[in-house]
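Number of protein chains: 2
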Amino acid sequence: MRIRPYSSLVRPFSRTFSIMSSAAAASNSSPNDFTQPLNKTAHAFDKNDFDAILSRRFFFIPSFEIYGGVAGLYDYGPPGSALQANILDVWRKHYIIEEDMLELDTTIMTLSDVLKTSGHVDKFADWMVKDSKTGEIFRADHLVEAVIEARLKGDKEARGVTEQPAEEEGDKKKKKKKVKHVAIKLEDSVVEEYESLLAQIDNYTGPELGELMKKHKIVNPETGNDMTEPVEFNLMFESNIGPTGQVKGYLRPETAQGHFVNFARLLEFNNGRVPFASAQIGKSFRNEIAPRQGLLRVREFTMAEIEHYVDPTDKRHARFNEVKSVKLALLPKDVQQEGKTDLTSMTVGDAVGQKIIDNETLGYFLARTQLFLEKIGIDPTRLRCRQHMANEMAHYAADCWDFEIQSSFGWIECVGCADRSAYDLTVHSKKTKQPLRVQQSLPEPRVVDKLECVFEAKAFGLQFRKDAGMLKEHLSTMEKEQLQVVKDDLEKNGSAKVQGPDGKTYEVTSDLLSINPITVTEHIREFIPNVIEPSFGIGRILYSLLEHSFWAREQDKARGVLSLPSVVAPIKCLIVCLSQDPQLRVLIHDISRKLRRIGVSSRVDDSSASIGKKYARNDELGTPFGCTVDFASLKNGTITLRERDSTAQLIGPIDTVISVVDQLVKGTIDWQGATEQLDTYSGVQDVD
Amino acid sequence: MRIRPYSSLVRPFSRTFSIMSSAAAASNSSPNDFTQPLNKTAHAFDKNDFDAILSRRFFFIPSFEIYGGVAGLYDYGPPGSALQANILDVWRKHYIIEEDMLELDTTIMTLSDVLKTSGHVDKFADWMVKDSKTGEIFRADHLVEAVIEARLKGDKEARGVTEQPAEEEGDKKKKKKKVKHVAIKLEDSVVEEYESLLAQIDNYTGPELGELMKKHKIVNPETGNDMTEPVEFNLMFESNIGPTGQVKGYLRPETAQGHFVNFARLLEFNNGRVPFASAQIGKSFRNEIAPRQGLLRVREFTMAEIEHYVDPTDKRHARFNEVKSVKLALLPKDVQQEGKTDLTSMTVGDAVGQKIIDNETLGYFLARTQLFLEKIGIDPTRLRCRQHMANEMAHYAADCWDFEIQSSFGWIECVGCADRSAYDLTVHSKKTKQPLRVQQSLPEPRVVDKLECVFEAKAFGLQFRKDAGMLKEHLSTMEKEQLQVVKDDLEKNGSAKVQGPDGKTYEVTSDLLSINPITVTEHIREFIPNVIEPSFGIGRILYSLLEHSFWAREQDKARGVLSLPSVVAPIKCLIVCLSQDPQLRVLIHDISRKLRRIGVSSRVDDSSASIGKKYARNDELGTPFGCTVDFASLKNGTITLRERDSTAQLIGPIDTVISVVDQLVKGTIDWQGATEQLDTYSGVQDVD
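Chains as they are written, first to last, in full-length UniProt numbering: chain A, 1 to 688; chain B, 1 to 688.
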């Protein structure tokens, strides 16, 4: 049993919003292949320096900061917004344009009926507990985990065991309510019990968590007060649509349902054919109980979701060949089931060939996603594909893989790729009685053996009254295998028990219904397509990318740099002059205008700060290139061009430099290419 | 008195969400300069044909259509989403990149305190009435208007007056609850009273509307039941943040407050200098009482807002010269006050020079917005700038202009450009005690005469107790002019009445407070900047653009065309072949791949439909170009290129045609330029 079955099973993306899986947790205490240095210098990654830069340079800050802020809500400032817009622009080109996907923009405000059908109204919840006196609220599983972890830590200290740095990192990463540990030695059997408890912390129901809290005397670590019994808290923000109070709405917790309810329209737009994909970028909302991990667990976030509709009997992909040699770092489920976290580097072609990845379409999207994440600058050595274990997936799901990205918070699920089978379209179709199916002409008619229900209409109606119609339809549309069971029962026992779509059980007798084999010639094949869903948490990817891009100059730890690739860098080019001379100021605004005209986002810094200071500020913003104007510019018409990571400088005529910047930003040349068009320059030291 | 003062005064954009101003209404019965034909053919604009295309081609449809839909919520399908994305892309380049604006992405979920300060919690409301028996809900002003209009119509019919087509259009445009009219002649005095009532329908308070309903016996026209007294309904969607129920939030009704609360951070990012602008694109929400006008009045919508911060004493704009010759169709307030709607075509330079437009910065944005709307394809002859009349504006606003676009719904406000003075920053700064000000070093120190408050601290405290601190701060930060009044009163009467920030009046006596003139030398000038706000309703612009782009082929009224400019067209190029031959199919997918690689969004139609049918389908989608492959393509390596509006065709080698399409889409050549690179083709008729 799982605590939040809906979020962790039915909607794979939600998995990306739980901080880490037990498999990922295990990886912290075992060596793995991803022990690459975090930085480009000898300086260790300093989370404080990093956070300070993000705040100082206004990448993102708590929303309504001047009003004291609210947990789990963040505003993106100019560099954060531009970085996000650029990531989304790459995403749109990489998926929507390149793959001819059908883009949608559906509403955030969602009719409650839709989310009732999808299961969110009933199951999209976490368990919370309150301090019985102060009323302070905790997520039940987080509290149990934090207290037990602190006790184990205390035990280790009492035993004189030195902590592994990896475990330290595991702790830091959680950033849950910090619980202080006391050095108290525990019984060996208790240690064992605690460790087993932690390993399955995601699997307890609310009542089970309540039992654990009683058994292990878990109280509020700060006040010492008892906690209340766990109660379920639905994570959707609720509101009323219109003034009557009778139409309930929720802010969508994902964009996916907006695709599914429009399936019939999408199919028609695609001339009735599958496969095809719909895609949507937009905000979703989850009213987290107590969010405490920065951009990694937020109440409002941007998602990008693809729903790819395929024939369930043919999950090949027409363009699979183009990606089959892409290498992935795989963590398959059987490896995890052995308690290991060793990664296997393998081409997607081999992985699909060996059935490690279920089918070509899923493999295709995994490969394309690997390419996307590399393109925007995610360090491939800190990226892995973790397969969901059987107990993580919904019963109907064929296969599910998460792209997890390593940051100072550990391995975080940032993209989920799931084969969701026909689940969603089936439930919406049943609820609304709208056909959400594909009809395909068969190349040749085919003869099919079927079972046909023949009802004694009057007697059936008298027996089941208001339920008769529903039950008739249910029986008539049953799968052949199920219907065969009913038929056998009727023939053997004279009656059969049938579970209706309302969940109730009905007893049908052989005087009311007979089931007969018939032969039908079919000209058309009808099926509900399966859905393969790659789902992206943009905020998590953006945050991970910032961590991967951050390092400090060897000569000065305080000089932080964000080595963002130019395709996503918020600003592409800094324009500065060496003095405050009015003639030079005219020139830099002239260069700025020229860059704007060719669509290159630039930033003039004409403040009185020193040139070194200006470069340092823009290194912190991740600006890859810088044009510097000095008196030689007036005399010779030349400017210099600086590259952020190497601080190398080139010099050339203004228009040539502008053209080189354009080529660099478009990616048609790299820095090596730039050196072929411009001369090396060593006139100005890159220091403060 | 106005019904919804906040929305119509404080937030100019809300004006764009009321269907029409009285001035605009007047224009329907008087001739104006914009009587251009709606279409490119002799066929009159047919709203039914138009709506059918938008729905059939999945531009947009009611959200949760298969669940029955909800009024005021719409989903954009693939062409609608792509059109919106393209409009926003042009917007981002035109404003954010070109003007170096600071982009923001702030949360939709907004802390109630923020919207309390801004005035939305108290004032962002409409008046609603209920049928006393059925409970059916109406917006009070809309019901009164609809019933009185129907009576006037009945009167005209009874008098045998033929209706003006223009008035018909005015009626249709409102699309309020349709009220049937009965031919009953009214007293002349009643007609006059009704007409005067309609002219000021926007100006009544709720209680006044209640009085009018009683006086004129306005009941539910369908049931004949009495209506309840009007009650205020706040238009914001409300929700709770977190599980405690104690943190209230609203979905933002505009993006603007997200800019203002971040002003201090933005200013720092801009090195402490003004002018600069912040910009944001995002969803906003208004829980309309009874939305009934398609995309023009919706509960969830995309806005694009700019907040430009300027020195209140210097509203010049550095780039004003670049736009001063842009012509605007102006409807200034004094013309409207005379009851006229004549437009004046004038350059923005002249309008600012003659003080018709208040200042250069406002004029700059009006000109830039005119250019933006023309760039995306809005018909300039159906675009006007209407100035707000004095009674439409907030007391603090300096000037306000709306871009109104004419469609079958009449003149609709789509962009608001307001000078909001220092209002917003002032109220947030007062509430949070955070300085939202600009500090400027003065070139030379200046000596200033000020007034200083000297309190008898102990006596003052005893007198005002808990209010003493608040009152002291209030007096100490008063404007000099106000303080002078207090000083005069104290000296004349020995006491003065002071209104506190809490709205209460306090009596201060001269034994508690003396106010003395002092001389201060200032080195720094401190001010709260003024805000100029261009605010765009993207859905309204998108809808108007679709109407402006729609026409039907002369030879066949059923062949609708959307002449969207290629820069915003959802798909740039159609790729089809003349037969289902497998070799040709390979070729069209090859062309599609080449177009994708250069970033041109294309669509393959390899269905079995006729070539004419395929062209017609894509004309309805607004696809400007089409490449056609036939057997000559295999033999000679040539394909044809079709232009949507003229149906003209050219022919050339595949790669040349692809290059021409690229140039056409980028806008570096027009169709004339294409004819210079390719040969004319007349082999295939453009018919079904």
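A virtual CB, placed ideally from N, CA and C, is assigned to each residue, including glycine.
query	result
Which residues does DSSP pair with residue 551(A) in a beta bridge?	561(A)
By the three-class DSSP mapping on this structure, what secondary structure does residue 503(B) have?	coil
Tell me the start and end of each unbroken beta strand (DSSP E) in the region 44-94 of chain A that is at least 3 residues and wholly inside, in chain order.	60-62, 74-76
Just mark residue 679(A) as buried or exposed, buried being the case when its beta carbon has 16 or more other beta carbons within 10 Å.	exposed
Just to confirm my understanding: we take residue 87(B), look at its own chain, exclude 5 residues before and 5 after, and list those with CB closer than 8 Å. What are they?	376, 538, 541, 542, 545, 568
Along chain B, which residues have their Cβ under 7 Å away from the Cβ of residue 239(A)?	237, 238, 239
Any chance you could list the beta strand (DSSP E) runs of at least 3 consecutive residues sitting entirely within the region 209-239 of chain A, in chain order?	231-234
At least one CB of chain B closer than 8 Å to the CB of residue 536(A): is that the case?	no
What does residue 73(A) touch in chain B if you count any residue whose Cβ is under 7 Å from its own?	107, 109
What are the boundary residues of the alpha helix (DSSP H) that includes residue 592(A)?	582-597
Check the Cβ of residue 434(A) against every Cβ in chain B and list those closer than 8 Å, keeping chain order.	66
Between the alpha carbons of residue 154(B) and residue 160(B), how many angstroms are there, rounded?	10 Å
Using a Cβ-Cβ distance cut-off of 8 Å, determine whether residue 300(B) contacts chain A.	yes
Distance check for residue 581(B) and residue 658(A), CA to CA, integer angstroms please.	48 Å
Tell me whether residue 504(A) is buried or exposed, calling it buried when 16 or more other Cβ atoms sit within 10 Å of its Cβ.	exposed
Do the CB positions of residue 287(B) and residue 108(A) come within less than 8 Å of each other?	no
On the DSSP letters alone, give me the boundaries of the beta strand (DSSP E) that residue 248(A) sits inside.	248-251
Keeping to the same chain, check which residues put their C-beta closer than 6 Å to that of residue 682(A); ignore five residues upstream and five downstream.	none
Quick check on residue 79(B): buried or exposed, where buried means 16 or more other Cβ atoms within 10 Å of its Cβ?	buried
Hey, does residue 252(A) have any beta-carbon neighbour from chain B nearer than 8 Å?	no
Within 10 angstroms of its Cβ, does residue 37(B) collect 16 or more other Cβ (buried), or is it exposed?	Residue placement at residue 37(B) cannot be trusted, given a pLDDT of 36 that sits under 50; what the coordinates show is reported in the next sentence. Classification of residue 37(B): exposed, given that the 10 Å Cβ count is below 16.
When you compare the CB positions of residue 528(B) and residue 441(B), do they come within less than 8 Å of one another, or not?	no
Helix, strand or coil for residue 34(B), going by three-state DSSP, please let me know.	In this predicted model, residue 34(B) has a pLDDT of only 34, less than 50, meaning its place in the structure is not dependable enough to derive any value.
Where residue 152(A) and residue 191(A) are concerned, what is the direct C-alpha to C-alpha distance, given to the nearest angstrom?	7 Å
Residue 644(A): which of 132(A), 616(A), 499(A) sits nearest, CA to CA?	616(A)
What are the uninterrupted segments assigned as alpha helix (DSSP H) that are 4 or more residues long and contained completely in the region 91-120 of chain B, given in chain order?	112-118
Which one or two residues does DSSP pair with residue 308(B) in a beta bridge?	277(B), 532(B)
So residue 578(A) and residue 532(A) are supposed to be a Cβ contact under 8 Å. How far apart are they, rounded?	With a Cβ gap of about 56 Å, residue 578(A) and residue 532(A) do not count as contacting.
With DSSP run on the structure shown, which of helix, strand or coil describes residue 446(B)?	strand
If you pair each beta-carbon of the region 100-118 of chain A with each one of the region 322-330 of chain A, do three or more pairs fall below 8 Å?	no
Between 268(B), 135(B), 183(B), 140(B), which lies nearest to residue 156(B) when the distance is taken from Cα to Cα?	183(B)
From residue 603(A) to residue 575(A), what distance separates their C-alpha atoms?	6 Å
Within 8 Å (strictly less), CB to CB, does residue 669(A) reach chain B?	no
Residues of chain A with CB closer than 7 Å to the CB of residue 84(B), please, in chain order.	105
Quick one, are the C-beta atoms of residue 67(B) and residue 219(A) less than 8 Å apart?	no
Is there a Cβ of chain B sitting closer than 8 Å to that of residue 113(A), yes or no?	yes
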